[in-house]
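Numbering of the sequence shown is given in the working numbering, commencing with residue 719 and proceeding in unit increments.
In this text, a Cβ means the ideal position worked out from N, Cα and C, and glycines have one as well.
Small disclaimer: the values here were computed from a predicted structure and weren't measured.
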Amino acid sequence: MSFSLFNKKRRAGRVAPVRTVMGLNAVFVVALAAMLVLMLNYLSFRHYRRFDWSRSRYYSLSEKSANLLSGLTNDVSVILLIQPGQDNYADIDNLLKEYAAASPRILLERVDPDRDIARTEELARKYKIDQVNVVVFDADGRSKYVQVDEVSDIDYAPLRYGQSPVKTAFRGEQVFSSAIQDITQGRRPVVYFLQGHGERDVENFDRVDGYSRLAQEIRGDNVEIRKLVLGEQKAVPDDCDALIVAGPAKMLAGSEIDLIRAYLQRKGRMMVLLDAMTQTGLEALLSEWRVQLGQDVVVDGARTLSGRELFVTAYGEHPIVQRLRHVTTVFYLPRSVAPAAETEESVNPADKPHAVALAASSDSGWAEMNMDQNPMKFDAETDQPGPVPVAVAVEKGPVPGFDVQIAPTRLVVFGDSDFISNGGWVGGNADLFMSSLNWLLQREQMMGIAPRPIEQSRLVMNDAQLQGLFWMVVAGIPAGVAFLGFLVWIQRRF
């Protein structure tokens, strides 16, 4: 009996040091693990790197964007005023993280409009925005905001079959890099709207005829808007980066046209929106720039609802319409606007205007000459068969090989001024107008950044494979976990 008690005491004496050693060892291991975690966090903080492991390098920045970010000299605040449930939120957030990782000058802030109402109202007052789901860029008081819808290319063709539109590409890098470049450049572009002949008014808030929505879009693109009455001027102002003549209802005076002609001759930029059956006095001037205006109305019985609108999906080869391939624009009783035919004297000329059709009706459309017909019908003897152009871009540059740094003269002419009014703001109309304006202002530097195609992967399985997957998930995985638990119990029990 005494021997048994003695052995128990000896075993207890041996167990106590073992437990102490095991406890100290556990404390040491925990302390070492904590030190390693702290060291890794410190190193990751000091040497932070992001890697894009997606198969298509979906979030990787192009060389153009990387060079733009590395050249920043001032801080750029980027504010995501977006509801987290938005479809593009994750893509936008991940891409802007790449911007912030590429440059310490990018200061990223996220604001949830539904939760942080006070901050949302503050941003709305500061940047004069009346909507949420935008990304705001600010650099030294110069700001620009981008709407969430602008970062995606959308194919609307499925709408014809009662299906939802399909997002085909992500344009976030192109849009965001352009915004950063716009607000960090030296001077804010100035656009003049011609007045005095019944033109559209950018301060008109009428729901149908007004241009107030367009004005908001232009100002949101960091462009200043001014009005111009040529009768009160001796010349188009020198700070005019682009002159817009939007829907004049009356004839311009000869002296005013001479001022516009002189402006174009000194490498000016102009956009003209002329409605059908309207004489403005600009016809001869535009003819000098190889733009032919038709005294007609372009109609297309296969692409209209009421007979008044013209749905356009046919575009030319030009940077302005490069990203509108799957987008529908809508014009309202437009007139034909086409590049004038080249004469023998103008074939391959040096320093001559080069005109390109931007948008046209389908083959089933035509240019109607008889406006009294109701309904309008195609007459092969008098009407022009489709496709009929309704918009033209013109560029006249320097003589090849000489003074290549001289900025070219650029014009864009549309056969309709309703398509960009408050009542005509549908489809890709805003994209077409703003793309044209940015081309006139030579802000197409970021057009070379290609959109990232959205890959839609599909897993095709037959019935046997689906049944096997079902049993593996419902029975196989839980059974495997239960078996491992049983083995652990056996080991501890015995």
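Please state the DSSP three-state secondary structure of residue i.
i, result
"residue 892", "helix"
"residue 952", "coil"
"residue 1055", "strand"
"residue 929", "coil"
"residue 1152", "helix"
"residue 1119", "Bear in mind that a pLDDT of 48 at residue 1119, under 50, signals an unreliable position, so the number given afterwards is only what the model happens to contain. In this structure, residue 1119 counts as coil in the three-state DSSP scheme."
"residue 856", "strand"
"residue 873", "strand"
"residue 847", "coil"
"residue 1080", "coil"
"residue 783", "helix"
"residue 923", "coil"
"residue 738", "helix"
"residue 1001", "helix"
"residue 861", "strand"
"residue 1008", "coil"
"residue 886", "strand"
"residue 723", "Bear in mind that a pLDDT of 45 at residue 723, under 50, signals an unreliable position, so the model cannot answer this."
"residue 946", "strand"
"residue 935", "helix"
"residue 866", "helix"
"residue 1085", "strand"
"residue 1220", "One cannot answer for residue 1220 here, as it falls past the ends of the chain, which runs 719 to 1212."
"residue 1090", "coil"
"residue 1074", "strand"
"residue 1033", "strand"
Return the residue from the list the options that minimises the CA-CA distance to residue i.
i, options, result
"residue 1001", "758, 1042, 871 and 1058", "1058"
"residue 792", "854, 834, 899 and 754", "899"
"residue 946", "837, 939, 955 and 938", "955"
"residue 920", "971, 968 and 1139", "1139"
"residue 1159", "1028, 961 and 893", "961"
"residue 1006", "975, 1093, 950 and 1026", "975"
"residue 903", "911, 932, 940 and 890", "940"
"residue 1143", "1207, 1194, 934 and 984", "934"
"residue 971", "948, 989, 844 and 987", "948"
"residue 1135", "857, 932 and 752", "932"
Looking at residue j and residue i, is the spacing between their C-beta atoms short of 7 Å?
i, j, result
"residue 1106", "residue 1085", "yes"
"residue 1012", "residue 1053", "yes"
"residue 783", "residue 896", "no"
"residue 1047", "residue 1156", "no"
"residue 1110", "residue 1030", "no"
"residue 1014", "residue 969", "no"
"residue 926", "residue 1141", "yes"
"residue 1038", "residue 1076", "yes"
"residue 1032", "residue 1078", "yes"
"residue 1131", "residue 1017", "no"
"residue 797", "residue 854", "yes"
"residue 929", "residue 918", "yes"
"residue 787", "residue 818", "no"
"residue 879", "residue 958", "no"
"residue 831", "residue 804", "no"
"residue 942", "residue 905", "no"
"residue 890", "residue 869", "yes"
"residue 850", "residue 814", "no"
Quick check on the DSSP output: the beta strand (DSSP E) that includes residue i runs from which residue to which?
i, result
"residue 1127", "1127-1132"
"residue 794", "794-799"
"residue 1114", "1107-1114"
"residue 911", "908-912"
"residue 1050", "1047-1050"
"residue 827", "824-829"
"residue 917", "Where residue 917 is concerned, there is no enclosing beta strand (DSSP E), given that its DSSP letter is neither H nor E."
"residue 1183", "From DSSP, residue 1183 is part of no beta strand (DSSP E) but of the alpha helix (DSSP H) over 1181-1189."
"residue 988", "987-991"
"residue 1027", "1027-1030"
"residue 963", "960-964"
"residue 1015", "1015-1017"
Start and end of the alpha helix (DSSP H) containing residue i?
i, result
"residue 1138", "That residue, residue 1138, is in no alpha helix (DSSP H); it is neither H nor E in DSSP."
"residue 676", "For the chain, the structure presents residues 719 to 1212; residue 676 sits outside this window and is missing."
"residue 1196", "1195-1211"
"residue 977", "972-983"
"residue 815", "807-820"
Nearest chain D C-beta to residue i closer than 7 Å, yes or no?
i, result
"residue 951", "In summary, chain D is missing from the structure at hand, where a single protein chain is found."
Original post:
Pairing CB atoms from the stretch 1100-1118 with CB atoms from the stretch 1126-1133, are three or more of them under 8 Å?
Top reply: Touching, per the Cβ criterion.
Original post:
Can you find at least 3 beta carbon pairs, one from the stretch 822-834 and one from the stretch 882-891, that sit closer than 8 Å?
Top reply: Segments in contact, no.
Subject >> the stretch 989-1008 contacting the stretch 962-974, beta-carbon criterion three pairs below 8 Å >> reply: Between the stretch 989-1008 and the stretch 962-974 there are three or more C-beta pairs closer than 8 Å, enough to call the two in contact.
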